[in-house]
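Peer 1: Chains as they are written, first to last, in full-length UniProt numbering: chain A, 1 to 138; chain B, 1 to 138.
2 protein chains.
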Amino acid sequence: MSDLLERLRERGWRLTAQRRVVAEVLDGDHVHLTADEVHARAVQRLPEISRATVYNTLGELVSLGEVLEVSTDRRAKRYDPNAHQPHQHLVCAQCGAIRDVHPSGNPLADLPDTERFGFTVSDVEVTYRGTCPNCASA
Amino acid sequence: MSDLLERLRERGWRLTAQRRVVAEVLDGDHVHLTADEVHARAVQRLPEISRATVYNTLGELVSLGEVLEVSTDRRAKRYDPNAHQPHQHLVCAQCGAIRDVHPSGNPLADLPDTERFGFTVSDVEVTYRGTCPNCASA
DNA sequence: ATCCTACAATGGACTTTGTCTAAGTCAAGG
DNA sequence: CCTTGACTTAGACAAAGTCCATTGTAGGAT
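(1) Among A:Leu111, A:Thr57, A:Glu10 and A:Gly28, which has the Cα closest to the Cα of A:Asp36?
(2) Going straight from the alpha carbon of B:His30 to that of B:Ala83, what length do you get?
(3) As an exercise, report each continuous beta strand (DSSP E) stretch of at least 3 residues that is fully enclosed by the stretch 57–89 of chain A, in chain order.
(4) Are the C-beta atoms of B:Ser71 and some chain A residue less than 8 Å apart?
(5) If you draw a straight line from the alpha carbon of B:Leu33 to that of B:Asp27, how long is it in whole angstroms?
(6) Using a Cβ cut-off of 8 Å, pull out every chain B residue sitting near A:Leu90, in sequence order please.
(7) In its own chain, which residues sit with a C-beta less than 7 Å from the C-beta of A:Ala42, not counting the 5 before and 5 after it?
(8) So B:Leu64 and B:Arg14 are supposed to be a Cβ contact under 8 Å. How far apart are they, rounded?
(9) Would you say A:Leu61 and A:Val70 are within 8 Å of each other, going by their C-beta atoms?
(10) In whole angstroms, what is the alpha-carbon distance linking B:Arg45 and B:Leu111?
(11) Could you check which residue in B:Asn134, B:Gly118 and B:Pro103 has the C-alpha nearest to that of A:Val124?
(12) Can you tell me which of the three DSSP states B:Leu111 falls into?
(13) Confirm, please, whether the CB-CB distance from A:Tyr128 to A:Gln88 is below 8 Å.
(14) Using a Cβ-Cβ cut-off of 8 Å, state whether B:His102 counts as contacting chain A.
(15) Identify, in the order they occur along the chain, each residue of the same chain with its Cβ nearer than 7 Å to the Cβ of A:Asn106, setting aside the five sequence neighbours on each side.
(16) Based on Cα-Cα distance, which residue from B:Phe119, B:Arg78 and B:Gly130 lies nearest to A:Val121?
(17) Would you kindly check if the distance between the Cβ of B:Gly59 and the Cβ of B:Asp73 is under 8 Å?
(18) Output the distance between the C-alpha atoms of A:Ala76 and A:Ile98, rounded to the nearest integer angstrom.
(19) For a test of the three-state rule: what should DSSP assign to B:Ser50, helix, strand or coil?
(20) Chain B beta carbons: is any one of them nearer than 8 Å to that of A:Gly65?
(21) Please say whether A:Val101 and B:Glu115 have beta carbons closer to each other than 8 Å?
(22) Exposed or buried, what is B:Asp80 when buried is set at 16 or more other beta-carbons lying within 10 Å of its beta-carbon?
(23) Along the beta strand (DSSP E) that carries B:Val124, what are the first and last residues, could you check?
(24) What's the C-alpha gap between B:Leu108 and A:Leu90?
(25) Give the secondary structure of A:Arg7 by DSSP, where H, G and I count as helix, E and B as strand, and everything else as coil.
(26) Closest Cβ-Cβ distance between B:Cys132 and chain A: below 8 Å?
(27) Can you pull the chain A neighbours of B:Arg74, defined as C-beta to C-beta under 8 Å?
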């Protein structure tokens with residue numbers, strides 16, 4: 001986390017209170033907040049922070065490769081700070097809970113050349129869907 | 001296609017001009033239109049069709065399992081009429097072109113029990129990203 | 001320590017995507 | 001060919017996100 005701020009400073013990022021707060025809010029495991037959720041939490045620490053700034057900062061963090069944008073949900077994009085370890089997502093279809101997961105094997109290798117239509121394939125995104133233990137017992 | 005209309009009638013669907021037009025617009029291979037694109041094309045055949053009807057009809061087709069909703073793009077949902085053959089998607093990061101693809105292997109099987117967090121996993125959605133031949137040569 | 005200035009933040013208007021509703025229309029069975 | 005409940009319509013509304021002109025400030029320069 002402070003590593004993150006360190007790394008960003010080295011890349012010429014101007015360190016403002018707003019950016020620090022956004023970075024802090026995103027810290028943790030299995031964190032997948034929407035922009036609005038990030039904003040709501042940021043406001044608790046820095047009441048005057050604006051929505052536009054949160055969007056800008058998230059966008060910058062994504063461009064810098066420090067945060068991933070995921071669309072596990074069909075509504076808002078979510079922001080995943082776990083950008084340095086490849087992983088996929090497991091989503092509860094009922095409550096929307098999200099966990100980072102690490103499938104065995106490499107799904108990229110599962111796409112035969114005959115199925116590539118001349119594309120240069122560089123990335124694959126996998127979303128598992130199901131029911132979480134909480135929702136199953138309810 | 002006319003099979004589709006047939007099947008829907010059998011399920012008690014009232015067959016209106018609007019619904020027929022939406023179904024026609026969705027016909028074909030590698031078709032992945034957004035709701036707005038479906039509306040734009042539907043209007044060419046039936047000028048008075050409203051946006052709400054297109055949304056309603058697409059929603060019904062999805063509920064009936066005749067069309068899939070996919071979010072390969074981070075903006076609008078896309079509608080895929082190829083619902084009866086399991087497949088995944090390959091997307092060009094530049095131009096947004098989408099192809100249906102059939103990876104070997106079963107990605108569901110690649111998620112070990114230890115990575116399931118007690119979830120009952122029922123479905124998996126895979127999106128490959130890359131550059132299409134057109135964009136690569138440009 | 002203070003000044004400068006380019007970069008960042010603000011808030012409000014705007015856009016896109018999608019949903020809802022009240023009123024009008026029509027497919028299809030009787 | 002009448003009736004009726006399902007379907008469609010237009011437009012208001014909502015949620016998520018972008019844009020822009022203005023104001024503020026981090027951090028190097030003095």
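Even for Gly, the Cβ is constructed at its ideal location relative to N, Cα and C.
Peer 2: On the basis of the supplied data:
(1) A:Thr57
(2) 11 Å
(3) 68–70 and 78–80
(4) yes
(5) 11 Å
(6) Leu111, Glu115, Arg116, Phe117, Phe119 and Val121
(7) Val21, Val22, Val25, Ile49 and Val54
(8) With a Cβ gap of about 13 Å, B:Leu64 and B:Arg14 do not count as contacting.
(9) no
(10) 46 Å
(11) B:Pro103
(12) coil
(13) yes
(14) yes
(15) none
(16) B:Gly130
(17) no
(18) 14 Å
(19) coil
(20) no
(21) yes
(22) buried
(23) Thr120 to Thr131
(24) 11 Å
(25) helix
(26) yes
(27) Glu69, Ser71 and Lys77
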